[in-house]
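Have a look at the structure below, then the notes.
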Amino acid sequence: MEEETETWADRFSGQVDEIVEPVSTTLQDIVFFSFNVGGADIMPIVLWLAVAGAIFTVYFGFVQVRHVRTSLRLVRGKYEQKDAPGEVSHFQALTSALSGTVGLGNIAGVAIAISIGGPGAVFWMIVCGLLGMATKFAECTLGVKYREIHEDGTVSGGPMQYLRKGLAEIGRPKLGMVLAALTPVMILVFAFFGGNVFQSNQSASILGAELGGFFDSNAGALAYGLFFAVVVFFVLMGGIKYIGRLTSVVVPAMGVMYVAACAVIILMNITSVPSAFSTIFTEAFNPSGVAGGILGALIVGFQRAAFSNEAGIGSAPIAHSAVKTKRPATEGLVALLEPFFDTVIVCTMTALTIIVVNGPMYQEARETVAEGGSVSGTGTGILLTRDAFETALPWFTGFLVAAVILFAFSTLITWSYYGQKSWQYLFGKSQISDLIYKLIFCSMIVIGAVMALDQVVGMTDAFLFLAALFNIIGLYFLMPVIKRELNKVLEYVRRRDAGETEEEIEAAEAAEGDDFGQKARVSA
Numbered sequence: 002m003e004e005e006t007e008t009w010a011d012r013f014s015g016q017v018d019e020i021v022e023p024v025s026t027t028l029q030d031i032v033f034f035s036f037n038v039g040g041a042d043i044m045p046i047v048l049w050l051a052v053a054g055a056i057f058t059v060y061f062g063f064v065q066v067r068h069v070r071t072s073l074r075l076v077r078g079k080y081e082q083k084d085a086p087g088e089v090s091h092f093q094a095l096t097s098a099l100s101g102t103v104g105l106g107n108i109a110g111v112a113i114a115i116s117i118g119g120p121g122a123v124f125w126m127i128v129c130g131l132l133g134m135a136t137k138f139a140e141c142t143l144g145v146k147y148r149e150i151h152e153d154g155t156v157s158g159g160p161m162q163y164l165r166k167g168l169a170e171i172g173r174p175k176l177g178m179v180l181a182a183l184t185p186v187m188i189l190v191f192a193f194f195g196g197n198v199f200q201s202n203q204s205a206s207i208l209g210a211e212l213g214g215f216f217d218s219n220a221g222a223l224a225y226g227l228f229f230a231v232v233v234f235f236v237l238m239g240g241i242k243y244i245g246r247l248t249s250v251v252v253p254a255m256g257v258m259y260v261a262a263c264a265v266i267i268l269m270n271i272t273s274v275p276s277a278f279s280t281i282f283t284e285a286f287n288p289s290g291v292a293g294g295i296l297g298a299l300i301v302g303f304q305r306a307a308f309s310n311e312a313g314i315g316s317a318p319i320a321h322s323a324v325k326t327k328r329p330a331t332e333g334l335v336a337l338l339e340p341f342f343d344t345v346i347v348c349t350m351t352a353l354t355i356i357v358v359n360g361p362m363y364q365e366a367r368e369t370v371a372e373g374g375s376v377s378g379t380g381t382g383i384l385l386t387r388d389a390f391e392t393a394l395p396w397f398t399g400f401l402v403a404a405v406i407l408f409a410f411s412t413l414i415t416w417s418y419y420g421q422k423s424w425q426y427l428f429g430k431s432q433i434s435d436l437i438y439k440l441i442f443c444s445m446i447v448i449g450a451v452m453a454l455d456q457v458v459g460m461t462d463a464f465l466f467l468a469a470l471f472n473i474i475g476l477y478f479l480m481p482v483i484k485r486e487l488n489k490v491l492e493y494v495r496r497r498d499a500g501e502t503e504e505e506i507e508a509a510e511a512a513e514g515d516d517f518g519q520k521a522r523v524s525a
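Note that the sequence shown covers residues 2 to 525 in this note's numbering.
Following this line, the structure appears as structure tokens:
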């Protein structure tokens with residue numbers, strides 16, 4: 002009986018790959034069109050995201066550096082605004098968005114980057130994370146400014162609102178309508194693949210590697226996918242608030258445990274850390290065994306960082322728009338912390354853990370991929386991270402599996418919300434429509450558990466960068482709007498620090514209108 006089940010499961014897995022592979026390959030060929038420069042395949046779509054981060058950084062005056070102190074004060078509630086519209090605090094909005102980004106992108110994504118682009122790719126991941134802070138600031142400021150607050154107090158926000166309303170406000174309504182339709186389509190599909198299939202795939206993979214036997218087979222992966230789908234379905238049907246409260250405690254705890262375990266491994270190998278940093282830096286500019294050298298490592302690093310922190314694709318504003326505030330840029334300043342925690346801190350710690358422990362293993366993974374091998378094999382993807390933990394802290398691998406599954410679960414729930422908001426914008430809100438969405442979303446969990454990682458990574462990257470393409474076009478047009486909002490908040494902070502009351506500042510803002518804060522040179 003077991004053999005028949007495995008044979009049927011193997012056939013199902015093969016059929017999924019047969020259907021997905023040509024679609025994934027064609028989509029990747031279109032989205033990741035490239036031209037060769039010095040042996041590197043330069044992808045315009047990846048540079049699009051990098052250039053946007055650089056432009057926003059300069060245009061907003063290096064906001065992620067100059068105003069980080071204000072960001073931290075906002076998170077701590079220093080500038081709390083009484084009677085402000087919204088549903089959650091700045092801290093809650095930040096943690097809600099982080100629950101959708103901190104997770105498998107940090108654990109598996111880093112391992113994939115090292116397997117394909119070498120340690121040098123990690124350097125470019127960090128650079129992308131720093132630039133992405135400015136992009137995240139821009140889109141989340143707009144998410145709050147153009148959000149819709151319903152009669153029951155709930156909030157709807159995101160690129161669907163700010164692209165349509167914002168571009169109409171500056172005299173480009175047709176462009177706004179087009180971008181506001183295309184962006185949620187890409188976010189919706191990414192919700193099915195990046196926010197769903199990737200989570201199911203990698204959590205099933207590490208469970209199989211840890212438990213072995215039945216679970217390390219297509220039948221076991223399929224059983225896991227079915228169980229996971231049923232749990233998520235019931236959560237989506239009615240228990241999401243309770244589970245959301247639970248995961249808001251459990252997931253950060255697992256995140257702290259994961260980071261702490263990385264720190265322990267790094268401290269155990271502290272003498273190797275300088276060498277690891279040296280390897281990351283030198284291979285970023287002189288990578289060996291990476292197709293395309295420096296540019297090849299850069300492209301891989303930016304691809305994986307974009308998947309990890311999601312800056313620019315328009316998903317985070319959906320969560321951040323629910324914040325309680327009267328001043329949109331306050332949440333933009335809070336949101337810019339997200340890529341720093343997600344990519345700069347957590348991804349760097351994962352990379353150091355792999356490099357100081359798994360030198361021979363990641364070199365073997367690089368050779369496998371360089372020779373045309375799959376990133377689905379043993380020692381690549383999330384299994385490379387697991388092998389590092391198993392080597393240094395054998396007792397921790399069980400906790401790592403639990404953390405991965407919880408991270409996958411929290412990301413699934415967060416992205417089900419993003420996807421549902423996009424679905425409702427495109428197809429309307431009704432019980433039947435929502436049920437169809439939930440059934441499709443949960444079905445993808447089952448499919449993802451048995452898909453090949455190569456196809457999962459390819460599909461998720463393609464839809465993520467398409468979402469960024471359309472969203473960032475709108476951000477460029479709305480940069481002056483964002484800058485005005487930033488100046489207003491900086492003036493507000495200056496006055497609050499000077500001892501003025503909320504009422505006095507609001508009176509001044511009402512009197513000055515759009516000139517509030519625009520003529521003052523303020524440093525927060």
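For every residue, glycine included, the Cβ atom is placed at its ideal position computed from N, Cα and C. Values in this document were obtained by computation on a predicted structure and should not be read as measured data.
Which of helix, strand or coil DSSP assigns to residue i
{"i": "GLY380", "result": "Residue confidence for GLY380 is low, a pLDDT of 47 falling below 50, so the modelled location carries little weight; the figure read from the coordinates is stated next. Three-state result, GLY380: coil."}
{"i": "PHE36", "result": "strand"}
{"i": "ILE171", "result": "coil"}
{"i": "GLU149", "result": "strand"}
{"i": "VAL89", "result": "strand"}
{"i": "SER431", "result": "coil"}
{"i": "SER1", "result": "A query on residue 1 cannot be resolved here, the shown segment of the chain reaching from 2 to 525 and no further."}
{"i": "ASP515", "result": "helix"}
{"i": "VAL231", "result": "helix"}
{"i": "ARG77", "result": "coil"}
{"i": "PHE61", "result": "coil"}
{"i": "ALA316", "result": "With the sequence shown as reference, residue 316 is identified as Ser, and Ala is not the correct amino acid for it. SER316 falls in the coil class under three-state DSSP."}
{"i": "LYS83", "result": "coil"}
{"i": "PRO340", "result": "helix"}
{"i": "ASN559", "result": "Because the chain is modelled from 2 through 525, residue 559 falls outside the range shown and cannot be assessed."}
{"i": "LEU189", "result": "helix"}
{"i": "LEU394", "result": "coil"}
{"i": "PRO120", "result": "coil"}
{"i": "GLU311", "result": "coil"}
{"i": "GLY213", "result": "coil"}
{"i": "ASN270", "result": "coil"}
{"i": "ASN287", "result": "coil"}
Outcome for residue i when other beta-carbon atoms lying within 10 angstroms are tallied against a minimum of 16
{"i": "GLN432", "result": "exposed"}
{"i": "MET126", "result": "buried"}
{"i": "PHE286", "result": "exposed"}
{"i": "SER201", "result": "buried"}
{"i": "SER97", "result": "buried"}
{"i": "LYS137", "result": "buried"}
{"i": "GLY191", "result": "It is worth fixing the name first, because residue 191 is Phe in this sequence and not Gly. The residue in question, PHE191, is buried, as its Cβ has 16 or more Cβ neighbours within 10 Å."}
{"i": "LYS146", "result": "buried"}
{"i": "VAL376", "result": "Residue placement at VAL376 cannot be trusted, given a pLDDT of 46 that sits under 50; what the coordinates show is reported in the next sentence. With 16 or more other Cβ atoms within 10 Å, it is buried."}
{"i": "ILE437", "result": "exposed"}
{"i": "GLY78", "result": "exposed"}
{"i": "VAL66", "result": "exposed"}
{"i": "PRO185", "result": "buried"}
{"i": "GLU510", "result": "buried"}
{"i": "SER204", "result": "buried"}
{"i": "TRP416", "result": "buried"}
{"i": "MET187", "result": "buried"}
{"i": "VAL151", "result": "Rather than Val, the amino acid found at residue 151 in this sequence is His. Looking at its Cβ environment, which holds fewer than 16 other Cβ atoms inside 10 Å, HIS151 is exposed."}
Counterpart residues of residue i in DSSP-defined beta bridges
{"i": "ILE43", "result": "PHE36"}
{"i": "SER157", "result": "GLU149"}
{"i": "VAL324", "result": "VAL89"}
**Request:** Check whether the stretch 302 to 317 touches the stretch 127 to 134, counting contact only when three or more Cβ pairs, one atom from each stretch, lie closer than 8 Å.
**Result:** yes
**Message:** Taking 8 Å as the cut-off, does the stretch 464 to 481 touch the stretch 168 to 175 (at least 3 CB pairs, one atom from each stretch)?
**Reply:** Result yes; three or more Cβ-Cβ pairs closer than 8 Å.
**Request:** Scan the stretch 432 to 501 and note each continuous alpha helix (DSSP H) run of 4 residues or more that stays entirely inside, going in chain order.
**Result:** Whole alpha helix (DSSP H) segments, 4+ residues: 432 to 450, 454 to 478, 480 to 498.
**Prompt:** Can at least three beta-carbon pairs, one atom from the stretch 69 to 89 and one from the stretch 343 to 350, be found at a separation below 8 Å?
**Reply:** no
**Prompt:** Can we say the stretch 323 to 334 touches the stretch 490 to 505, given the rule of at least three CB pairs closer than 8 Å?
**Reply:** yes
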